[in-house]
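4 protein chains.
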Amino acid sequence: MKLFKTNVSALFAAATLFSSSLIVVQTSFAQTTGKVVAPSSLKTPIANRAISESEVLSAQKGWGDALVAISTTYDTKGIEAARALAEKVIDTAYAYQFGPVLFKPTLTLAPQTFRTTRAGALAYFVGGDPNFPMDKGFALKHWRKVEVKNAAIFISGDTATTIGNVIFTDKDGNIVTVDKTWQYFKDDNGKLRIILHHSSLPYTAK
Amino acid sequence: MKLFKTNVSALFAAATLFSSSLIVVQTSFAQTTGKVVAPSSLKTPIANRAISESEVLSAQKGWGDALVAISTTYDTKGIEAARALAEKVIDTAYAYQFGPVLFKPTLTLAPQTFRTTRAGALAYFVGGDPNFPMDKGFALKHWRKVEVKNAAIFISGDTATTIGNVIFTDKDGNIVTVDKTWQYFKDDNGKLRIILHHSSLPYTAK
Amino acid sequence: MKLFKTNVSALFAAATLFSSSLIVVQTSFAQTTGKVVAPSSLKTPIANRAISESEVLSAQKGWGDALVAISTTYDTKGIEAARALAEKVIDTAYAYQFGPVLFKPTLTLAPQTFRTTRAGALAYFVGGDPNFPMDKGFALKHWRKVEVKNAAIFISGDTATTIGNVIFTDKDGNIVTVDKTWQYFKDDNGKLRIILHHSSLPYTAK
Amino acid sequence: MKLFKTNVSALFAAATLFSSSLIVVQTSFAQTTGKVVAPSSLKTPIANRAISESEVLSAQKGWGDALVAISTTYDTKGIEAARALAEKVIDTAYAYQFGPVLFKPTLTLAPQTFRTTRAGALAYFVGGDPNFPMDKGFALKHWRKVEVKNAAIFISGDTATTIGNVIFTDKDGNIVTVDKTWQYFKDDNGKLRIILHHSSLPYTAK
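Chains as they are written, first to last, in my numbering: chain G, 1 to 206; chain Y, 207 to 412; chain E, 413 to 618; chain C, 619 to 824.
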């Protein structure tokens, strides 16, 4: 439990540091000659908007930790606390504040399949919105563990896309496996945000 | 029938023009002053790797036209002709020649859910590959019409992502609707290629 | 005079709208079928981070207008007003708040040739900084007109680069021509910011 | 001498491998769980179009090595061999085959300041083109050493830009320092190509 709390904190830290942050500014050894020079003179300031694989894996882990955190909060503190946390998670991990998000959650039904607005995402995770009457709250299903198994990753530069399985385990040990695609972009503060999220139950031949 | 033939031809034209093509080089009126000058002196050469919305819509239409073409070829000329066409379509519309593609077709079963290789994509579309014994050939299902209804589009620059419904109609008027995400990147020849394709049947509450 | 004031206002408007703005969210007609449907159902939400040519030309014009505005402010209201305006221009048009900027101004001398920090940019434009003792203030040279003649433009997606001549005319009609490269990126609010600026006097054979 | 020959060979190797190459496909350890699994099942295929800092530094070094190679070839084998090598270097290191390149060489004179075509680049490096009568051949100036000192680097994803000094030393020990900006993009084969090159002599106050 401690562990994911640390991770969720890290997730939120990025948001609260918003105003003072940078595009992942690095310093590095960039002279191409072999001459020995004092270390300080070797550092080249770098503004790097490219996404690395480790940033992608960290964003995936952050999403899973956040889902477990909402579930656990619901079980221990009730729906209001869970909803408040879900709002924070959505504002931190998704890109709704910049425009529409391409979100097809696992269990939505037509004609509300796609949740391009923040309200639609929140309703999916914690339910209770009369505008989305079929939503029961996916994050309220007592999840305790989220495992990501990537099948392939595409890093195009300042966006990155993953596809693979995500395996959810609830408090009673029940397991649900989904096929999931996420696409992230790196925002001006160097943080990955979900701009695309397509989740679906595996096809079962009849 | 004429219509889609033209469209499929256009799709292949991009591939055959490969060697002489450019990064969508435009000429344009780029001087910022209001002075009247001779048109010739106004043209600024532009190399443009950004993807436009109309390029995205055209790529979607090309995919649908190609699927109908494979189905119709199968019905009129048999499996060998259909397979040959499917290979052309895959090589023209997808990005397998550059690396793994993030492809989760509608009807694949674990443990072969994700088709990151060209062989896996071909097997899905036309079947007949002993390495993918559960594949029956999605493109052989007598499709006659493909309609795309986008729910949202994200253009990140030289990649673009769409999410929405795709509605397939076969020769008997049967209709199948899927939830579909495509991500394209613009290659060095200015052509959009599918790097991500996640398709799933709509969720149905039990 | 009226004219550039409008333009400079537009430049600053982008900054003040900061908190509520989006990634250039568009609505558009994105269905690929020819069926007649009600206009409202045709609109697809689009988040577009790609840079268009017109956005590039507008950013170039904004820079020229801002330089003339600083010069005119200096001539009519003095150095303090000019410096305050220059700070606004730098914060609005450049990307220093996100990290280092690749700025080589026209008239800087070694070892202070490159101005990767905001302080270095401000000193170049309005002088008066003891840390940059060779700077006399390029924006204080009574400029009244700035004309951009692009030789070529490269749009890579969410960044764009231009190269060409920029011609400055001062209040006495003196003209200076420079060779200039600008690279912009589109920030999370849909605004172009200068991340690279290399300016140099034309080479003159001896 | 051996050393740069190796480097130049590496530069050309990328071009000759053209047909079989990929978008820098990596395999990596991408599962986010801590479970011990067999190494083979841990590898996620990755298509990575992002540019790393080391790729940038390697491209810079390749350019310097190529310039010294042309100079040395000219001194030992004459102008025809030097021109042939220069053509190879331009086709390998620049992006002219995809469209216009934003190239402002150090010593060009108006009205031929900007060399957006391959012919203009070749004339600059080895001269002898009646269409560019003022070009004497920058690469024929007996260069023996090229040193790059970056002031700052901007990596936007699949393009990267550098600014700084480049110091040229000829066979007699004469030194020329220039201010130089390069922008690269990663092509479909994973190779960096110069799309922007702005070089200028340092400003000298009169």
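We put the beta carbon where it would ideally sit given N, CA and C, even for glycine.
Task: Boundaries (first-last residue) of the beta strand (DSSP E) holding A152(G) - done: W143 to I155
TODO: At 7 Å on the CB atoms, spell out the chain C contacts of A265(G), in chain order.
DONE: Beyond the ends of chain G as shown, which are 1 and 206, falls residue 265(G); an answer cannot be given.
- [ ] Find the residues of chain E that neighbour P718(C), judging by a C-beta separation of less than 9 Å, and give them in chain order.
- [x] A563, A564, I565 and F566
Task: Length of the line joining the Cα atoms of A160(G) and A505(E) - done: 28 Å
- [ ] State the DSSP-derived secondary structure class of A253(Y), mapped to helix, strand or coil.
- [x] strand
- [ ] Identify which residue in T368(Y), V384(Y) and L313(Y) has its Cα closest to the Cα of E261(Y).
- [x] T368(Y)
Open item on the list: Measuring straight from C-alpha to C-alpha, what distance separates S464(E) and S258(Y)?
Closed with: 9 Å
Open item on the list: Using a Cβ-Cβ distance cut-off of 8 Å, determine whether T282(Y) contacts chain G.
Closed with: no
Open item on the list: How far does the beta strand (DSSP E) with Q303(Y) in it extend, from its first residue to its last?
Closed with: Segment: none, Q303(Y) is in no beta strand (DSSP E) and carries neither H nor E.
- [ ] Determine, using beta carbons only, whether I307(Y) and I401(Y) come nearer to each other than 8 Å.
- [x] According to the sequence provided, residue 307(Y) is Val. The question's Ile does not apply to it. Against a cut-off of 8 Å, the Cβ pair of I401(Y) and V307(Y) comes out as a contact.
Task: Partners in chain Y for I458(E), counting only beta-carbon separations shorter than 8 Å - done: E259, A358, I359, F360 and I361
TODO: Under 9 Å between beta-carbons, which chain Y residues line up against A531(E)? List them in chain order, please.
DONE: Correct list: empty, because the minimum Cβ distance to chain Y is about 30 Å.
TODO: Tell me, please, whether the stretch 694 to 710 of chain C touches the stretch 534 to 551 of chain E by the rule of three or more beta-carbon pairs shorter than 8 Å.
DONE: no
Open item on the list: Under 8 Å, Cβ to Cβ, is there at least one residue of chain C near D378(Y)?
Closed with: no
Open item on the list: If contacts are defined as beta-carbon pairs under 8 Å, then S406(Y) and V372(Y) qualify, I think. What distance do you get, rounded to the angstrom?
Closed with: Not really, about 11 Å apart at Cβ, beyond 8 Å.
Open item on the list: Using a Cβ-Cβ cutoff of less than 8 Å, which residues in the same chain neighbour A597(C) once the five nearest sequence positions on both sides are dropped?
Closed with: With chain C covering 619 to 824 only, the question about residue 597(C) has no answer from this structure.
Open item on the list: Only counting the same chain, and skipping five residues up and downstream in sequence, which positions put a Cβ closer than 7 Å to that of D170(G)?
Closed with: K141, H142, W143 and R144
Open item on the list: Considering Cα atoms alone, identify which of F114(G), D187(G) and P133(G) is closest to N48(G).
Closed with: D187(G)
TODO: Grab me the residues of R495(E)'s own chain with a C-beta within less than 6 Å of its C-beta, minus the 5 sequence neighbours each way, in chain order.
DONE: V538
Task: Distance between A121(G) and L107(G) (C-alpha atoms, nearest Å) - done: 12 Å
- [ ] Determine which residues of the stretch 701 to 733 of chain C have a Cβ less than 7 Å from any Cβ of chain E, and write them out in chain order.
- [x] Taking 7 Å as the upper bound on Cβ-Cβ separation, chain E lies near residues P718, L720, K722, T724, L725, T726, L727, A728, T731 and F732 of the stretch 701 to 733 of chain C.
Open item on the list: So with CB distances below 9 Å, who are the chain Y contacts of G137(G)?
Closed with: Going along chain Y, no residue has its Cβ under 9 Å from G137(G), so there is no contact; the nearest lies around 14 Å.
Open item on the list: Only counting the same chain, and skipping five residues up and downstream in sequence, which positions put a Cβ closer than 6 Å to that of F566(E)?
Closed with: These residues qualify, in order along the chain: T573.
Open item on the list: Checking 8 Å against the spacing of the C-beta atoms, do S774(C) and G190(G) come in under that value?
Closed with: no
- [ ] Spell out whether any CB of chain Y is found under 8 Å from the CB atom of V24(G).
- [x] With a pLDDT of 36 at V24(G), under the threshold of 50, the modelled position of this residue cannot be trusted; read the value that follows with caution. Using beta-carbon distances, V24(G) does not count as an interface residue toward chain Y, since no partner is under 8 Å.
Open item on the list: Using only the alpha-carbon positions, how far apart do K249(Y) and M134(G) sit?
Closed with: Inter-residue distance for K249(Y) and M134(G) is about 56 Å (C-alpha atoms, whole angstroms).
Open item on the list: Measuring only the C-alpha atoms, how far is A535(E) from K592(E)?
Closed with: 19 Å
Open item on the list: What does the Cβ neighbour count give for T278(Y), buried or exposed, with the cut at 16 atoms within 10 Å?
Closed with: buried
TODO: Apply the 10 Å Cβ neighbour rule to D790(C) and answer buried if 16 or more other Cβ atoms are within range, or exposed otherwise.
DONE: exposed
Open item on the list: If you follow the beta strand (DSSP E) that A366(Y) is in, where does it begin and where does it stop?
Closed with: T365 to D376
- [ ] Please state whether DSSP places K809(C) in a helix, a strand or coil.
- [x] It is coil, neither helix nor strand.
Open item on the list: Is there a Cβ of chain Y sitting closer than 8 Å to that of I812(C), yes or no?
Closed with: no
Task: Helix, strand or coil at Q183(G) [DSSP, three-state] - done: strand
TODO: Alpha carbon to alpha carbon, how far is K104(G) from K310(Y)? Give it in angstroms, no decimals.
DONE: 15 Å
Open item on the list: I'd like to confirm the pairing. Which residues does DSSP put opposite I793(C) in its beta bridges?
Closed with: T787(C)
Task: Rounded Cβ spacing between V766(C) and G682(C) (contact assumed at less than 8 Å) - done: 6 Å
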